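For the sequence shown, the residue numbers in our numbering are 1 to 171. Backbone N, C-alpha and C fix where the C-beta goes; we use that ideal spot for every residue, glycine too. Please read all numbers here as calculations on a predicted model, not as lab measurements. Let me begin by presenting the structure, written as structure tokens, before commenting on it.
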Amino acid sequence: MSDATPPGDEALRTLARERIAAGALPRDKATHTWGGLGSGLPCSLCGELISRTETEMELQLGDGVDAPVVRFHLRCHLIWETARREAARNSWIRVVDELPPQGAAVEARIAIGEGRSVILTVSCEHPGAIWLNVNTGEPLPAGWRPIEWRYLEVPRTETESRAELPTPRRA
């Protein structure tokens, strides 16, 4: 990003959230991601040109020649990725599209037969996608099939909240 006055991280986080919500930036994980020297084209988040001396992250959002592409400065990519994941934490993700991180406790909607489903806290062990009931540590019963999942709401700790406060500066 240019050395002039780059936008602050909080301003970029807000912009990323707004653009994701409006559909101007993708909410989904990229199909392909490349990193390299800047192309001189504008960043999809901050709008500033990515100079040839900066790292550019190029993301392809699908397969094929016509798949959309977004470009970010490295810093903007990290901010977008965090905002994207935050948005995904509040959304259900289909199991056929993406498995949860290995061993992470997540909330899952589980088909239990005859058009019925339950929501349980589970984890998924890779490879083989073995789903475990987090409360018992046991595999789900035969015939129970996870349909979709989402991240659990994790309350912030006091330490995490304090970490976001600005660091006092000495005069």
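Contacting residues, own chain, Cβ-Cβ under 7 Å from residue i (five flanking each side not counted)
i           : result
residue 129 : 99
residue 96  : none
residue 60  : 30, 31, 32, 67, 69
residue 175 : Any answer about residue 175 is impossible in this case: the structure gives the chain only from 1 up to 171.
residue 134 : 105, 121, 122, 123
Proximal residues to residue i (C-beta, below 6 Å), its chain only, five neighbours per side dropped
i           : result
residue 102 : 126
Spatial distance of residue i from residue j (CA atoms)
i           : j           : result
residue 158 : residue 123 : Low per-residue confidence applies at residue 158: pLDDT is 47, beneath 50, and the placement is therefore not dependable, though the value from the model is reported in the following sentence. Spanning the two alpha carbons is a distance of roughly 26 Å.
residue 44  : residue 19  : 10 Å
residue 146 : residue 104 : 15 Å
residue 107 : residue 13  : 26 Å
residue 179 : residue 8   : Outside the displayed span of the chain (1 to 171) sits residue 179, for which this structure offers no information.
residue 35  : residue 58  : 6 Å
residue 172 : residue 136 : Examination of residue 172 is not possible in this model, given that the chain is present from 1 through 171 alone.
Coil, strand or helix - residue i by DSSP
i           : result
residue 152 : coil
residue 164 : Because the pLDDT at residue 164 is just 48, under 50, the model does not fix this residue reliably, and the value given afterwards should be weighed accordingly. Residue state, collapsed to three classes: coil.
residue 108 : strand
residue 132 : strand
residue 114 : coil
Cβ neighbours of residue i in the same chain (closer than 8 Å, five flanking residues each side left out)
i          : result
residue 17 : 83, 86, 87
is_contact[residue i, chain B] using C-beta, thresh 8 Å
i           : result
residue 113 : Of the protein chains in the structure, only one exists, and it is not chain B.
Inset, instruction - Please specify which runs of the alpha helix (DSSP H), each continuous and at least 4 residues long, are wholly inside the segment 26-105, giving them in chain order. - result: 74-89
Legend entry - Three CB pairs or more closer than 8 Å across the segment 19-32 and the segment 76-95: yes
Legend entry - the segment 47-55 / the segment 71-82 touching (three or more Cβ pairs under 8 Å): yes
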